[in-house]
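Residues -13 to 404 (the working numbering) are what the sequence shown spells out, left to right. Cβ coordinates follow ideal geometry from the N, Cα and C atoms, glycine included. Notes follow the structure.
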Amino acid sequence: MPSPYRAIFAAPGSREFSAAGFFGRMPLSMMGIGVVTMVSQLTGRYGLAGALSATLAMAAAVMGPQVSRMVDRYGQRRVLRPVTLFAAASVAGLLVCAQQRLPDWTLFVFAAGAGCVPSVGSMVRARWAEIYRGSGRQLHTAYAWESIIDEVCFIFGPIVSIGLSTAWFPEAGPLIAGVFLVIGVFWLTAQRATEPRPHPKEHHTGGSALRSPGLQVLVVTFVATGAIFGAVDVVTVAFAEERGHKAAASLVLAVYALGSCLAGAVFGLLHLRGKPSTRWLSGVCAMAVSMIPLQLAGSLPFLAVALFVAGLAIAPTMVTTMALVEQHVPRTQLTEGMTWTSTGLAVGVALGSSAAGWVVDASGAEAGYAVPAVAGALAAAVAFLGYRRLAEPVPTGGRGEDDGHLRTDGGHVAELGG
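Here's what the structure looks like:
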């Protein structure tokens, strides 16, 4: 492990909560694609599969910020355990309904419940923020590390989920995803020493973290960004199936995540200066442009190369996003603020996967890659229009303000994005 990464794990308990977060985040990459694979195998209906995946994402989008708001007030252990048990029970119900070929509406009911999962990535990042508050360089590396973990999940998650569902039985992928969720959350919440202190209601400034204009820009942009991810997942599965290699979709999607993983690893080693908002805008635009070559994909090898290149912009943009959240959200609402960006992604995944499913059913897989291209263009447009809101940080009571002022002239805050 490169020395900056080794240094952040000097903090007691950091290895354990990061490892628990890995298991807890595996369902993020396994559940949606597992449901798509399961339903497409059982029914052959990609429209239904995409709609169910969208329902999962929309449920997460609605409930995620509410769960995180309760976590900020009452603590991770008290909130996450009952929420996780409810989500796991809903996954079990979804699998039974699918296996028994029950009416479609039952699938949607349980999919909504299964989507009510906590944002484990936000919980882990909140622990890093608690440990390294006031130390921008270490926190930048910690966020980069967690982005690497995210991408490792997206490398192995689809492989495990699609592989199990195609080689074992259709319901296997979502089933194992539910098991990972329970293991990860209960392991994480068992670690009380590194759990961020809750902030009682009287410590909150009032209202949602989403009242921040800067956070609004990040969330809306991430809706379009999430549509890229959701559409790419669904269309890639259909693209591989059309060419007689459905199981290869997991490998192609893993290459997409690998590009992001490698870029995130390098990005975490850099000590850049300048405005994180500028780097964020560049990253969003790079993701948009990277969708253009997908329109030319005529084979799985070409698609894999194009997705690898597209993935290079993802992790650096996500790392910079967490830095911007800290600059624009009060400390007492940090977990909620981080979750709102995940919510934007979840809404986008819902819209993208659903739209892509219908386009695939109507016009074929190659036509489906127009969906992420349009989503990328929208993300870039929103990022440009909202850039001025992000250009200057606002007082949040977070790190860099403990000495009575916000350091933006070469101090920790200015370095967070790189």
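The Cβ atoms of G354 and V360 lie no closer than 9 Å to each other.
Counting along the chain, no alpha helix (DSSP H) covers V315, and no H or E run does either.
In the DSSP assignment, S76 falls within the alpha helix (DSSP H) that extends over Q62 to Q85. Contact between the region 217 to 233 and the region 277 to 292 is present: three or more C-beta pairs spanning the two stretches fall below 8 Å. Inclusion of G245 and M12 in the CB contact set at 9 Å is not warranted, their separation being larger than that value.
Counting C-beta pairs with one atom in each stretch, the region 22 to 39 and the region 167 to 183 have fewer than three that are closer than 8 Å, which means they do not touch. Counting only residues of its own chain and dropping the five nearest sequence neighbours on each side, V295 has a CB closer than 7 Å to the CB of G245 and S276.
The C-alpha of L81 lies about 24 Å from the C-alpha of A226. In the three-state reduction of the DSSP assignment, Y242 falls in the helix class. By the neighbour-count definition (other C-beta atoms within 10 Å, threshold 16), S285 is an exposed residue.
Per DSSP, the continuous alpha helix (DSSP H) segment holding M12 begins and ends at S0 to T29.
Less than 9 Å divides the Cβ of V57 from the Cβ of P104. Taken atom to atom, the span from the alpha-carbon of A243 to that of V95 is near 30 Å. Spanning the alpha carbons of Y60 and P184 requires a straight line of approximately 5 Å.
When secondary structure is reduced to three states using DSSP, Y355 falls in the coil class, being assigned neither helix nor strand. Where Q202 is concerned, the enclosing alpha helix (DSSP H) starts and stops at P199 to E228. In terms of Cβ geometry, G212 and L310 do not form a close pair [threshold 9 Å]. In this structure, E322 sits away from P68, with a CB-CB distance that is not shorter than 9 Å. In the same chain as A249, and ignoring 5 residues on each side of it, the C-beta atoms closer than 8 Å to its own belong to G297, L298, A299, I300, A301 and P302, in chain order. Following the DSSP letters along the chain, one finds F166 inside the alpha helix (DSSP H) bounded by residues A158 to T175. Within its own chain, the residues whose Cβ lies closer than 8 Å to the Cβ of F72, once the five positions on either side in sequence are excluded, are G99 and C102, listed in chain order. Taking C-beta atoms as the reference points, F142 and A240 count as a pair closer than 9 Å. Note on geometry: alpha-carbon atoms of R1 and D90 lie some 43 Å from one another. Taking every protein chain shown into account, the CB of P287 has fewer than 16 other CB atoms within 10 angstroms, so this residue is exposed. Secondary structure remark: continuous alpha helix (DSSP H) runs of at least 4 residues inside the region 270 to 342, in chain order: 286 to 297 and 300 to 314.
Within 10 angstroms of the beta-carbon of S(-11) lie fewer than 16 other beta-carbons, which makes it exposed.
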